[in-house]
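These notes concern the structure reproduced below.
Chains as they are written, first to last, in the working numbering: chain A, 5 to 162; chain B, 40 to 291.
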């Protein structure tokens, strides 16, 4: 389990997702699209950016930052009614429930990334804009060429 | 004593406030149902209902796999194998990467509840999944690494014995006493045995002291496979031999 100081240091550090390639999304299961990229601090690979989408649901996007295999920050986006319940033992600054379709999960020692708060400013933003905000908040310099995920499409279950 | 019916009434009111069934903005014929159960992250579980004549299908569109997909790719198969086992007793099918429960309107509440339970259990299993990786290894270019450190006037100790948090004694292939750093060289095209051994060693040592832990990959003849590198990232900083001019100064 990572200490709060370790995560705070990592979050504050200048990070790079290296590469000059175009992002290539893949489908580890038919229902989901995924992109993963290594995160480096001072040329040492210490973490990973993981982007997950669901082409069957409009605006179903996850933007994750892992440090040493542990999730330390995440932005979730979803259309329609959503509910996030923060832990009962959450620290100050987190509402009991979050109803914003776009919300960020931040690391709290002993709770991991279970504490969330709304990001209403991004309520109607597209994937690129939210990813840009994700990189800004996590101090990630993203070097590959960004490519948006597959657009929403309705899957037939017949 | 409190009348059980009053408790029942309050529970019913609470659960009613937690659920919502609405047409989705993107597809009018689809109904999104926010259910009164949460994923381990605290996010409420939503399942969707689609109608095909008088047949209703409840699905999660694969949303319950979000935690699973965040794991290292080499763990996906083992975790997906669990999904079918979780679904079967609930009468839920796992097909094309998503949960499905068929129903008529009369049985829809039961189908919604079963699919939601399956989604919850899958996410919990993914959240709790801990891969076990234990093997032994040998290094290939240790001498070259040691020589380079010495050329840079960096003090080096070979095979320093260090006790891990478990009490097990490990040997640090290269120990830099001035920086309290341990460097484990990974041979070209590092194999599973090498990687898992370093993973085990660093996993134990990472809790033992404030050692800086580095996995040094000899990448001159190719890159370490992505999933193997991801194992090392969980317990150490992974640096590449070809880029030593960038990270060596930090160890001087």
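A virtual CB, placed ideally from N, CA and C, is assigned to each residue, including glycine.
Check	Outcome
Neighbour-count burial assignment, residue 158 (chain B), 16 or more Cβ in a 10 Å radius	buried
Contained alpha helix (DSSP H) runs [length at least 4] in the segment 114-156 of chain A, N- to C-terminal order	131-142
Where the alpha helix (DSSP H) through residue 10 (chain A) begins and ends	8-16
Cβ contact check for the segment 113-128 of chain A and the segment 102-122 of chain B: 3 or more pairs under 8 Å	no
Exposed unless 16 or more other CB atoms sit within 10 angstroms - verdict on residue 253 (chain B)	buried
Under 8 Å by beta carbon: chain A residues contacting residue 285 (chain B)	46, 47
DSSP-derived helix/strand/coil call for residue 286 (chain B)	helix
The alpha helix (DSSP H) enclosing residue 47 (chain B), as first and last residue numbers	43-57
Residue 289 (chain B) to residue 143 (chain A) span [Cα, whole Å]	21 Å
Cα-Cα separation between residue 174 (chain B) and residue 42 (chain A), rounded to whole angstroms	Reliability fails at residue 174 (chain B), whose pLDDT of 33 lies under 50, so the model's placement of it is uncertain and no value is given.
For residue 113 (chain A) and residue 8 (chain A), believed in contact at Cβ under 8 Å, the rounded distance	4 Å
Contact the segment 180-197 of chain B vs the segment 162-169 of chain B: 3+ CB pairs below 8 Å	no
CB contact check: residue 139 (chain A) to chain B, cutoff 8 Å	no
Counterpart residues of residue 107 (chain A) in DSSP-defined beta bridges	A:80, A:122
Segment contact flag, the segment 128-143 of chain B with the segment 40-56 of chain A, C-beta cutoff 8 Å, min 3 pairs	no
Any C-beta of chain A under 8 Å from that of residue 282 (chain B)	yes
Per-residue DSSP class, three states only, for residue 19 (chain A)	strand
Chain A contacts from the segment 89-123 of chain B (Cβ-Cβ distance under 8 Å)	89, 91, 96, 98, 100, 101, 102, 104, 105, 108, 109, 111, 112, 115, 119
8 Å Cβ cutoff, residue 73 (chain B) in contact with chain A	yes
For residue 241 (chain B), the residue or residues it bridges with in DSSP	None, per the DSSP bridge assignment.
Nearest-angstrom Cα separation, counted from residue 282 (chain B) out to residue 192 (chain B)	19 Å
Cβ neighbours of residue 27 (chain A) in the same chain (closer than 7 Å, five flanking residues each side left out)	39, 148, 149, 150, 151
Check whether residue 247 (chain B) and residue 217 (chain B) have beta carbons under 8 Å apart	no
Burial state of residue 44 (chain B), where buried means 16 or more other Cβ atoms lie within 10 Å	exposed
Coarse secondary structure for residue 262 (chain B), derived from DSSP in three states	coil
Pair within 8 Å by beta-carbon distance, residue 85 (chain A) and residue 119 (chain A)	no
Residue burial classification, residue 116 (chain A) (beta-carbon count within 10 angstroms, cutoff 16)	buried
Endpoints, beta strand (DSSP E) assigned at residue 212 (chain B)	208-215
Spatial distance of residue 152 (chain B) from residue 58 (chain B) (CA atoms)	12 Å
CB contact below 8 Å: residue 19 (chain A) versus chain B	no
Status (buried if at least 16 other CB within 10 Å, exposed otherwise) for residue 210 (chain B)	exposed
Assumed close pair residue 215 (chain B), residue 33 (chain A) - CB separation to whole angstroms, cut-off 8 Å	The pair is not a contact, with the Cβ atoms about 43 Å apart (cut-off 8 Å).
Alpha carbon of residue 169 (chain B) to alpha carbon of residue 219 (chain B), nearest angstrom	29 Å
Backbone CA spacing between residue 49 (chain A) and residue 145 (chain A) [nearest angstrom]	14 Å
Enclosing alpha helix (DSSP H) for residue 185 (chain B) [first to last residue]	181-190
Any chain A beta carbon closer than 8 Å to residue 136 (chain B)	yes
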